[in-house]
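J.: The opening position of the sequence shown corresponds to residue -7 in our numbering, with each subsequent residue numbered one higher. Ideal Cβ positions, reconstructed from N, Cα and C, are used throughout, including at glycine. Sharing a structure, written as structure tokens. Questions coming.
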Amino acid sequence: MLVNRFPKMAALQKYRALRLGYPEDIAEAVGIAEALKYAIFKRLAHSEKRYREIEEKKKKKKIKNLDWEKFKIFKLASYNGLPYVAGKVESPEDYKKSVFWRFGKEGGEKIEQWAQKIIKQVPESYLRNEQKFFREVWVPHRDDPVEV
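Shown next as structure tokens:
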């Protein structure tokens, strides 16, 4: 079975976050949040400003403020230290569901190996720039076959 783009994006973003110094549990949460954000952007084609407006509207009433600084490099909101996308806090467990539970341990490891190999070769300047990362890393590799 070939792996679709969503878990590949999640794994790439996890390893991007790890290279940028985030701990593994937070990197997994960032990975799944970034994959979800890109899926939303693809579907809605909204600007970052519009995305922020949508996120602020979606947040539950009990949430007073979203932190846009913690994951600024990823252009993600944070709530209680974890990424917040589409009205929901994303966690390491969400990452594992998309990468490991769906494709099994061996499949998840293959996806992560694919991502690690790519991220090792990426200049740090691309890791720190969302647009360069998307254009120079994601676009050329998003359709690489990963067989599980």
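Taking all protein chains shown into account, do 16 or more other C-beta atoms lie within 10 angstroms of the C-beta of Met(-7), making it buried, or fewer, making it exposed?
T.: exposed
J.: Rounded to whole angstroms, what is the Cα-Cα separation between Ile103 and Val22?
T.: 16 angstroms
J.: Rounded to the nearest angstrom, how far is the Cβ of Val140 from that of Ile110, given a contact under 8 angstroms?
T.: With a Cβ gap of about 17 angstroms, Val140 and Ile110 do not count as contacting.
J.: Going straight from the alpha carbon of Asn121 to that of Glu98, what length do you get?
T.: Each residue's alpha carbon lies about 31 angstroms from the other.
J.: Assess contact between the region 110 to 119 and the region 17 to 32, defined as three or more Cβ pairs (one per stretch) separated by less than 8 angstroms. Is contact present?
T.: Contact between the region 110 to 119 and the region 17 to 32 is absent, because fewer than three Cβ pairs lie under 8 angstroms.
J.: Tell me, please, which residues DSSP counts as bridged to Pro75.
T.: Ser70
J.: Cα-Cα, which of Arg94, Leu12, Glu85, Val81 is closest to Gly119?
T.: Inspection of the sequence shows that residue 119 is occupied by Leu rather than by Gly. It is Leu12.
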